[in-house]
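Residue numbers (my numbering), protein chains in the order written: chain A, 939 to 1505; chain B, -15 to 319; chain C, 638 to 949.
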């Protein structure tokens, strides 16, 4: 009897084998490594990339971005637009419809109440929601029926795809999080560590800052997916170790964001176990010029404030000369290889928003020298460093600790010394530099240096919030606890007016035109921001992992439901 | 000795309270912000609200008193609760880590096993090989054994573990495929096969750490033995016709152990502190990794709790060392 | 007859020799110590005089992009005997410049740490009244979280010190103090443990009974007998200081980022280990050689200073 059933089972297995590729869980186990370890699986409590991306395998928004930056429906039936009537003519409402029959991984139905709850959860005044910016300008979110949600904005919203779009604002289950609103959020450890979701996988065990074990979601909407039955999502270590585990030892299938020197990465790839893939988003490494005087001789509270314009960098000719002396192609070659492109733009993508400004791409040392002469900076005492009125052309150049950034600093210092500018370098621990502690002199907001280098990008595909960082009233200073996004202390009334116009403009072509103009005002018209490299993302997958499409507009793990084992 | 120990334990209480205050002040004054690892796309107003949700809008002294209450009252009560199934503690009052928004002690308990396994075993192995090496090196000073021992231990100590660890990974994981380069913390030892797997993944981190620990301890052992081997009592003992074994292992060793006991006692609390670099290199993700990530993320409640437990262990083991001095050398009197 | 007499006369009236000559005589017989001294001397010579003989700038990057790309990651050649790094900077010049910083930091920080540790250890061990207080202080320092403490020190003192003494001297002082102040505790505990047993030994009791003052008792009878653990602490301390310095610069707390030190050169090259092994071997060997040679010198000194051995 037993033998017979075993034989029958084996026969059934053989019969099913050709269709195995289309069966949920048929491909066994998947190993993913992130060198930063996820600490919580609730993106509303932490917007760290590691946390958002790991959670994106479990939690889903109504719509997401694909690898081209285009919207596609996930839980929604389709994307509401002006054309299909989902977005109202006056741009003040958007109506989403859920796919019918959706189930949470615990088997209960997904309803519009969950969507409304997700909004309430994040906008609770005591919750400290990390994604609150995505729900800004919303007046109400209401459920019209079980599957329909209507979002009403306080003013016309040219870009209504912020709330519930992208892995940073997913739908969470009302039943699970109902008692976790506001101040109660941290007490819901179980929910925060194992959210019930609609994504292809569910959490079986979560060890914070270490490892997540996942299993295929039995209630996933596509019965044939995901191909993997279980997942180990390991965190920790460093980029080199993660690269090694995928490309050289083959222990892992996918490694995230391998920020390694191009030759090191090429050496690892040569081992033949996997491939490096790369794609570009909006991340731009740039040098920011301080328009105010950071001199330590000024009193605390006066340093780097608008009261004192910068004695050297207030002159646009000096800023332009500094930019002209830099060879961006070489920076890319040394630091990023295939994962970098030289750029002169603050907004390098999407294509329609990117200005065709390319004049900075060729290094012009002689031109830079001439410009400095013209500005009155001459080497009067013959020590190789220019001076004017007894003041040396000497700059403090700071950045965070990072091997590539330190190489960039050394290269730029050498180029600037060629044009007679003396540079003192400083590197600050990243957790301090980006920490924003008003008590520390070393934060990038305080900017107690003449120039500083870091990278920044914007969420999604709309650059408006990004460009409005450079408004006059966003200048950090002692009165606002050094919390402001206008790091350079750039202030131009014309710029402010144009940003206000952008906020009122709905037509996409018009918006693109204004955005390009704003981008140029910050870069080639003023050289306040000196973009260096458009930084792409390097990730790696093993040769046996198929279906990977690198996406820089949303979570990298956006399509794990389509991943499969190559046989 | 007993009254001495009790007195020391009593003195330890105000000492530890003072230490906890100093730790708190340092963490408070050190630059950094719990939101440093949030992307720059999060605007300042949202950051301000997130800080308030963490309780950072309270004044520092309130947060310190709160931590004291949580650590010395709520957490012990919770421990009693979880052991006996009672319900004394209010779960909302526990120490909550800022990164995980979860009780800090739960994560510490979760990390303890892998740290004790790897770091603890490495320390044990280090001590077990260091003591005999130290003894033989001293007894046969400048022999080839001593010279090799000196060379290995000096290189072992001067080459940092971030280097030796990566070398081992490249040789044994990448080229020879003997051991995994990434430690699997989800592995549960249930049978012979999983035990072998566990052993295999422990080999490299344990080797790196044991080498480092053994280097240090063996140097102190050797130096101390050398000092004592030249004392008059050794000559006397030999002159009385005692066997070499008895002379060396009974008399000299016992008298040489004081500095070694000191070093070992200083080392045991560091097992609990984890091995930050080795854990990072091999992805063991124990307490050392927990501490360093908490420091980078400015997760003050977590750092404060971990550091304080470490402080308590330091005080305890230094007390134990002092008691052991009295056992090893009865001439030492504390009273 | 007369030819031999000067020598004999000299021997007879040989002036009382300074005891340091005896120490040197004994030291000379220690082969390891001599080799160590020669190697350490050679390293010192290389890093101090080397830059005058080998005049390449350790931070010089060729400003011409085409040349720079050609110069990157080169193996050893006549123009660059140790090769070049990822930006085409000369490795020989970098190792020499790095050694100057690393050895200066290593020796000074070690000296500070040993001085503090010995002082506190002896005082705590010898004077019972001070024991409780000093050992509580040691426990306190042992339990302080190192990284936040260093970050705090740098935040508070970096700028005032740089202003007062210039960037390099200021940061040097800061680093040495930071390492010294956070690493004396092991030495203190070890020395105290030894002093506790030594002060009950017969010869100390005898010295005390004839009324030797405490100061003399400590300096003449106790200190020489705790020399060997101090020597071990000192050698380990140098290695520790060199590595800690690299950790500090990795955190952005040390010297400016273009300033080479052995620890940093080693750390930066870890990722490139498989492609350019020389780049990790050079600083690794430099650190190990320094520590090894200091260790042997310490061994020789300890033997030479011990009158029981010297007499033999």
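Beta carbons are placed, not taken as given, at the ideal position from N, Cα and C, and that holds for glycine.
The beta carbon of residue 839 of chain C does not come within 8 Å of any beta carbon belonging to chain A, so the residue lies off that interface.
For residue 1039 of chain A, the number of other beta carbons within 10 angstroms of its own is below 16, and it is reported as exposed. At least 8 Å separates the CB of residue 909 of chain C from every CB of chain B. Contact annotation: residue 1286 of chain A and residue 1350 of chain A have beta-carbon atoms that are not nearer than 8 Å. Looking at A:1049, A:996, A:1057, the one whose alpha-carbon comes closest to that of residue 1141 of chain A is A:996. Interface flag for residue 21 of chain B against chain C is unset, since no Cβ pair is found closer than 8 Å.
Bounds of the alpha helix (DSSP H) holding residue 212 of chain B are 176 to 213. Residue pairing by DSSP puts residue 1227 of chain A in a beta bridge opposite A:1389. Secondary structure of residue 163 of chain B (DSSP, three-state): coil. Residue 1336 of chain A is bridged by DSSP to A:1364, A:1390. Residue burial annotation: residue 678 of chain C is exposed, with fewer than 16 other C-beta atoms found within 10 angstroms of its C-beta. Following the DSSP letters along the chain, one finds residue 1152 of chain A inside the beta strand (DSSP E) bounded by residues 1149 to 1154. In the three-state reduction of the DSSP assignment, residue 881 of chain C falls in the helix class. DSSP places residue 1034 of chain A in the strand class (E or B) of the three-state scheme. In this structure, the straight-line span from the alpha carbon of residue 1334 of chain A to that of residue 280 of chain B is close to 25 Å. Listed in chain order, the non-local C-beta contacts of residue 1319 of chain A below 8 Å within the same chain comprise 1325, local neighbours out to five positions each way being set aside. The beta carbon of residue 1439 of chain A lies closer than 7 Å to those of 1452 in the same chain, with the five residues before and after it left out.
Inclusion of residue 912 of chain C and residue 1212 of chain A in the CB contact set at 8 Å is not warranted, their separation being larger than that value. Put simply, the backbone Cα of residue 714 of chain C is about 27 Å away from that of residue 894 of chain C.
For the 8 Å CB-CB criterion, residue 1056 of chain A and residue 1086 of chain A do not form a contact.
Distances from the CA of residue 1405 of chain A to each of A:1372, A:1389, A:1457, A:1448 were compared; the closest alpha carbon is that of A:1457. For residue 34 of chain B, no Cβ of chain C is located within less than 8 Å of the residue's own Cβ. For residue 150 of chain B, the enclosing alpha helix (DSSP H) starts and ends at 145 to 152. For residue 896 of chain C, no alpha helix (DSSP H) run applies, since DSSP gives it neither H nor E. Listed in chain order, the non-local C-beta contacts of residue 231 of chain B below 7 Å within the same chain comprise 218, 221, 222, local neighbours out to five positions each way being set aside.
In the assembly as shown, residue 976 of chain A is a buried residue. Its beta-carbon has 16 or more other beta-carbons within 10 Å.
In this structure, residue 1105 of chain A and residue 994 of chain A form a Cβ contact; the two beta carbons are roughly 4 Å apart against a cut-off of 8 Å. If one requires a minimum length of 4 residues, the alpha helix (DSSP H) runs lying completely within the segment 29 to 101 of chain B are 44 to 53, 59 to 68, 88 to 99, in chain order.
Taking every protein chain shown into account, the CB of residue -15 of chain B has fewer than 16 other CB atoms within 10 angstroms, so this residue is exposed. Contacts between residue 1349 of chain A and chain C, judged by CB atoms closer than 7 Å, involve 698, 724 in chain order.
Distances from the CA of residue 1340 of chain A to each of C:898, C:800, C:702, C:886 were compared; the closest alpha carbon is that of C:886.
Neighbours of residue 917 of chain C across chain B, judged by C-beta separation under 8 Å: 147. Distance check between residue 982 of chain A and each of A:1060, A:966, A:1036 places A:1060 closest, using alpha-carbon atoms only.
In this structure, the CA atom of residue 910 of chain C is about 29 Å from the CA atom of residue 813 of chain C.
For residue 116 of chain B, the closest C-alpha among the options B:286, B:205, B:236, B:235 is that of B:205. Bridge partners of residue 1484 of chain A according to DSSP: A:1502.
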